[in-house]
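Right, one structure below, let's go through it.
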Amino acid sequence: RTQSGMPSDEEDQVSSADQQKINQFSRLNGRLHEIGEELDIQRKAVDELNDLGDELILLDDDEPIKYNFGECYLEVTKDRAEKLIENLLETKNAALSVTQDELAQCKSTLQDLKNQLYARFGTNINLEE
Numbered sequence: 020r021t022q023s024g025m026p027s028d029e030e031d032q033v034s035s036a037d038q039q040k041i042n043q044f045s046r047l048n049g050r051l052h053e054i055g056e057e058l059d060i061q062r063k064a065v066d067e068l069n070d071l072g073d074e075l076i077l078l079d080d081d082e083p084i085k086y087n088f089g090e091c092y093l094e095v096t097k098d099r100a101e102k103l104i105e106n107l108l109e110t111k112n113a114a115l116s117v118t119q120d121e122l123a124q125c126k127s128t129l130q131d132l133k134n135q136l137y138a139r140f141g142t143n144i145n146l147e148e
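Residues 20 to 148 (the numbering used here) make up the sequence shown, in order.
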């Protein structure tokens, strides 16, 4: 800064490293929104499987259940259907956990970049949505 408190020409310059940080922030911010959408889809799938498991409880034990495998349906016993849904639910919950971890990592990196960029540019940069 100059003696009058105005930014000097050097401080106004955006270095290559600064530009890379800004670009990384932009890419990560876009990814943050994608991850949020993925989480919504995964949570909905888990909720639907939980609801399906609850519905299975109401069915008769000897009544065959049509279970969808790809483009076809197979008749399975209630116990087998419960086991298949339980396995699928475990898989979906594991994927949900991985996505939540990715979201946390993305938020952490974004916050670090935001702190660095605001420290460098102050109010001359806007990183808020």
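By construction, the Cβ of each residue, glycine as well, lies at the ideal position given by its N, Cα and C atoms.
If only complete runs of 3 or more residues are kept, the stretch 38 to 116 shows the beta strand (DSSP E) at 84 to 88, 91 to 95, in order along the chain.
The count of Cβ pairs closer than 8 Å, one atom from the stretch 113 to 133 and one from the stretch 35 to 46, reaches three, so the stretches are in contact. In the three-state reduction of the DSSP assignment, residue 121 falls in the helix class. At the C-beta level, residue 68 and residue 104 come within 8 Å of one another. Using a 10 angstroms sphere on the CB of residue 54, the tally of other CB atoms reaches 16 or more, which defines it as buried.
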